[in-house]
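Novice: Have a look at this one before I ask anything.
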Amino acid sequence: MKITKITTDTLSVPLKKPFKTALRTVHAIENVLVRVETDEGLIGLGEAAPTALITGDTFPAIEGAIRGPIAAALTGHPLDDFDGLMAALHGALLKNTSAKAAVDMALYDLRAQSLGVPLYKLLGGNKQRLDTDITISLNSTETMVSDSLEAVEAGFRILKIKVGRDPANDPQTIAEIRQAVGADVILRVDPNQGWTPKEAVRAILLIEDKGCDVELVEQPVHALDINGLRFVTERVQTPILADECMFSPQDAEEIIRTRAADYLNIKLMKTGGIYQALKICALAETHRVQCMMGCMLEAKISVGAAAHLAAGKGIIRMVDLDGPALCAADPFTGGPVFNGPGITMTGDPGLGVRLQAFE
């Protein structure tokens with residue numbers, strides 16, 4: 006079986022509410038849809054999220070990378086030479102991790118389809134259900150408390166709270182959310198690089214002093230400030246999760262070696278897909294560092310691929326795959342079932358996800 010054609014299209018899905026972080030505000034998912042076709046009629050799907058402020062990737066750049074050097078490198082390549090395919094994909098051009106991720110997951114979709122098994126089983130796992138958090142966007146404290154209560158009413162027991170624009174008042178926002186939702190709801194705090202190292206230490210110590218009992222703080226300082234991240238990690242009790250500073254296995258190795266963070270957040274748009282993410286999992290397993298499976302603003306194709314990886318690898322203990330829960334529409338059939346906080350894996354071969362327009 007050989008790769009015969011790689012095409013791209015626009016995937017547009019409106020959000021229920023504007024998604025607001027310290028970095029941006031988004032009203033709809035506008036991602037790149039990828040189809041990889043074979044000479045035996047199988048089609049693999051992938052999705053890339055342009056997140057210029059984090060990955061540096063824009064919609065035109067992703068399309069250009071896939072239609073140009075990636076398609077040229079992979080067309081005609083046999084699917085059963087999978088390592089060769091991955092070497093060709095990652096050697097086609099530098100960086101461009103979102104474009105590579107979309108094609109990578111389409112290739113894994115094809116590989117699992119050709120074997121007639123769900124991808125998560127091919128990856129070695131047998132988790133039948135995952136429990137995701139849901140993001141509480143950055144707004145006024147009153148709005149964030151209201152949104153948190155709404156999420157809990159909808160069945161979510163893990164909330165990811167966006168902060169980072171006001172380090173002096175962020176701890177009070179967390180405290181008010183904790184008081185509103187009660188002690189049984191897990192809180193994760195994400196400043197999205199919005200604090201300086203000293204601001205982060207001060208804010209986290211205040212959060213601790215207020216008895217907010219947060220599970221972790223995600224990427225409190227700028228992605229390039231690894232020394233600052235370690236400065237924070239060494240001075241607080243709350244576990245620190247590395248996110249925007251970790252793209253590659255080499256990044257993960259450096260974070261683990263220097264003890265710059267306690268946990269690692271794996272996102273396919275950063276790693277360039279499942280193939281490289283598996284290397285990070287292996288490092289984490291070796292050093293007993295827990296991982297979170299995260300996503301950008303992505304729809305069911307790429308979030309489904311991330312769910313398969315999370316269901317396949319035991320070292321991934323935390324799940325932040327709320328993309329489909331934030332969408333106002335679901336143009337997909339098959340694959341993992343996203344029902345509020347629960348993600349249930351199915352027996353559909355490959356990713357199992359299909360866009361209704363292609364049915």
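The sequence shown begins at 6 in the numbering used here and counts up one residue at a time. Even glycine gets a Cβ: it sits at the ideal position worked out from N, Cα and C.
(1) For R116, count the other beta carbons within 10 Å of its own beta carbon; 16 or more makes it buried, fewer makes it exposed. Which is it?
(2) Quick one: give me the first and last residue of the alpha helix (DSSP H) that L110 is part of.
(3) Any contact between the region 120 to 134 and the region 145 to 156? By contact I mean 3 or more CB pairs, one from each, below 8 Å.
(4) Can you list, in chain order, the stretches of the alpha helix (DSSP H) that have 4 or more residues and sit fully within the region 70 to 99?
(5) The beta strand (DSSP E) with M251 in it runs from where to where?
(6) Does the region 98 to 118 come close enough to the region 41 to 51 that 3 or more CB-CB pairs lie under 8 Å?
(7) Compare the Cα-Cα distances from M274 to each of D62, G96, D138 and report the closest residue.
(8) Relative to the C-alpha of E223, which candidate in L246, G339, G233 has its C-alpha closest?
(9) What is the DSSP secondary structure of K284, counted as helix, strand or coil?
(10) How about T146: is its Cβ closer than 7 Å to a heavy atom in the ligand PLP?
(11) Let's test the definition: count the other Cβ atoms within 10 Å of the Cβ of L164 and tell me whether it reaches 16, buried, or not, exposed.
(12) In three-state terms, what does DSSP make of L124?
(13) Going along the chain, which residues of its own chain have a beta-carbon closer than 6 Å to the beta-carbon of D175, five neighbours each way excluded?
(14) Helix, strand or coil: how does DSSP classify F161 here?
(15) Find the nearest neighbour of G5 within the set F64, V41, G69, judged by alpha-carbon distance.
(16) What is the residue span of the beta strand (DSSP E) that T12 lies within?
(17) Any idea what DSSP makes of F363, helix, strand or coil?
(18) Determine the closest residue to T349 out of T43, I260, N131, with distance taken between C-alpha atoms.
(19) Going by DSSP, which residues form a beta bridge with L143?
(20) Would you call the region 251 to 258 and the region 281 to 289 touching, i.e. three or more CB-CB distances under 8 Å?
(21) What does DSSP give as the partner residues of D195 in its beta bridges?
(22) On the DSSP bridge assignment, give the partners of M297 in chain order.
(23) So, for N344: in the same chain, excluding its five sequence neighbours on each side, which residues have a beta-carbon less than 7 Å away from its beta-carbon?
(24) Where do the N-terminal and C-terminal ends of the beta strand (DSSP E) with H32 fall, by residue?
(25) Using 8 Å as the cut-off, can you tell me whether the region 83 to 94 makes contact with the region 135 to 144, which would need three or more C-beta pairs spanning the two stretches below that distance?
(26) How would you call G309, buried or exposed, if buried means at least 16 neighbouring beta carbons within 10 angstroms?
(27) Among R193, V324, E155, whose alpha-carbon lies nearest the alpha-carbon of T243?
(28) Tell me, to the nearest whole angstrom, how far the beta carbon of T276 is from that of S307; I am working on the premise that it is less than 8 Å.
(29) Using a 10 Å radius around the Cβ and a threshold of 16 neighbouring Cβ atoms, would you call P19 buried or exposed?
(30) Per DSSP, what are the beta-bridge partners of L154 in this structure?
(31) For a test of the three-state rule: what should DSSP assign to T370, helix, strand or coil?
(32) Do you know whose CA, among H313, G352, A27, A57, lies nearest Y280's CA?
(33) What is the rounded straight-line gap between the Cα of V226 and the Cα of T60?
(34) How would you write the range of the alpha helix (DSSP H) that G339 sits in, first residue to last?
(35) Where does G355 land, buried or exposed, given buried means 16+ other C-beta within 10 angstroms?
Specialist: Walking through what the data contain:
(1) Translated into positions along the sequence shown, residue 116 becomes position 111. Taking all protein chains shown into account, R116 has 16 or more neighbouring C-beta atoms within 10 Å of its C-beta and is therefore buried.
(2) One-based indexing of the sequence shown puts residue 110 at position 105. Rather than Leu, the amino acid found at residue 110 in this sequence is Met. Looking at the DSSP string, the run of the alpha helix (DSSP H) that includes M110 is 102 to 120.
(3) As far as the Cβ criterion goes, the region 120 to 134 does not touch the region 145 to 156, which means the pair count is below three.
(4) The region 70 to 99 contains, as complete alpha helix (DSSP H) runs of 4+ residues, the segments 76 to 79, 87 to 96 (chain order).
(5) Here residue 251 refers to the residue found at position 246 when the sequence shown is read from its first residue. Taken as a continuous stretch (DSSP letters only), M251 belongs to no beta strand (DSSP E), as it is neither H nor E.
(6) They touch, by the three-pair rule.
(7) Walking along the sequence shown from the start, residue 274 turns up at place 269. For the residues D62, G96, D138, the minimum Cα distance to M274 belongs to D62.
(8) Residue mapping note: residue 223 aligns to position 218 of the sequence shown, counting from 1. Considering only L246, G339, G233, the residue with the shortest C-alpha distance to E223 is L246.
(9) For the purposes of this step, residue 284 is taken as the residue at position 279 of the sequence shown. The answer is helix: DSSP assigns K284 an H, G or I state.
(10) No copy of the ligand PLP occurs in the structure displayed, which carries no ligand at all.
(11) Mapped onto the sequence shown, residue 164 falls at position 159. L164 comes out buried.
(12) Against the sequence shown, residue 124 aligns to sequence position 119. Correct three-state label for L124: helix.
(13) The residue given as residue 175 occupies position 170 in the sequence shown. Same-chain partners within the cutoff: V168, A208.
(14) For the purposes of this step, residue 161 is taken as the residue at position 156 of the sequence shown. Shown here, F161 sits in coil according to DSSP, grouped into three states, outside any helix or strand.
(15) Examination of residue 5 is not possible in this model, given that the chain is present from 6 through 364 alone.
(16) Sequence index remark: in the sequence shown, residue 12 carries index 7 (1-based). It spans 8 to 25 - the beta strand (DSSP E) in which T12 sits, taken as one unbroken run.
(17) Walking along the sequence shown from the start, residue 363 turns up at place 358. Any reading at F363 must be qualified, since the residue scores a pLDDT of 49, below 50, and its modelled position is unreliable; the value itself is stated next. Correct three-state label for F363: helix.
(18) Counting from one through the sequence shown, the residue named residue 349 turns up at place 344. Measuring from the Cα of T349, the nearest candidate turns out to be N131.
(19) Your numbering for residue 143 matches position 138 in the sequence shown. Per DSSP, L143 has no beta bridge partner at all.
(20) The answer is yes - the region 281 to 289 touches the region 251 to 258, with three or more Cβ pairs under 8 Å.
(21) Along the sequence shown, one-based indexing puts residue 195 at 190. Assignment of beta-bridge partners to D195 by DSSP yields K167.
(22) Numbered from 1 along the sequence shown, position 292 holds the residue referred to as residue 297. For M297, which the question treats as bridged, DSSP gives the partners N270, M323.
(23) Counting from one through the sequence shown, the residue named residue 344 turns up at place 339. If we look at N344 and ignore the five residues flanking it on each side, it has no Cβ neighbours.
(24) Translated into the one-based positions of the sequence shown, residue 32 becomes position 27. Here the beta strand (DSSP E) through H32 covers 30 to 43.
(25) Touching, no, given that fewer than three Cβ pairs across the two stretches are closer than 8 Å.
(26) For the purposes of this step, residue 309 is taken as the residue at position 304 of the sequence shown. Buried, since its Cβ has 16 or more Cβ neighbours within 10 Å.
(27) Along the sequence shown, read from residue 1 onward, the residue named residue 243 stands at position 238. Residue R193 is the option with its Cα nearest to T243.
(28) Here residue 276 refers to the residue found at position 271 when the sequence shown is read from its first residue. Here residue 307 refers to the residue found at position 302 when the sequence shown is read from its first residue. Not really, about 12 Å apart at Cβ, beyond 8 Å.
(29) As a first step, residue 19 must be located in the sequence shown, where it is residue number 14. Looking at its Cβ environment, which holds fewer than 16 other Cβ atoms inside 10 Å, P19 is exposed.
(30) Numbered from its first residue, the sequence shown carries residue 154 at position 149. According to DSSP, L154 bridges with nothing at all.
(31) Residue 370 is absent from the model: the chain starts at 6 and stops at 364.
(32) Position 275 of the sequence shown, counting from 1, holds the residue named residue 280. Considering only alpha carbons, the answer is H313.
(33) Translated into positions along the sequence shown, residue 226 becomes position 221. Translated into positions along the sequence shown, residue 60 becomes position 55. Spanning the alpha carbons of V226 and T60 requires a straight line of approximately 16 Å.
(34) Residue numbering aside, residue 339 sits at position 334 when the sequence shown is read from its first letter. Looking at the DSSP string, G339 is not in any alpha helix (DSSP H), and its letter there is neither H nor E.
(35) In the sequence shown, residue 355 corresponds to position 350, counting from 1. Buried is the call here.
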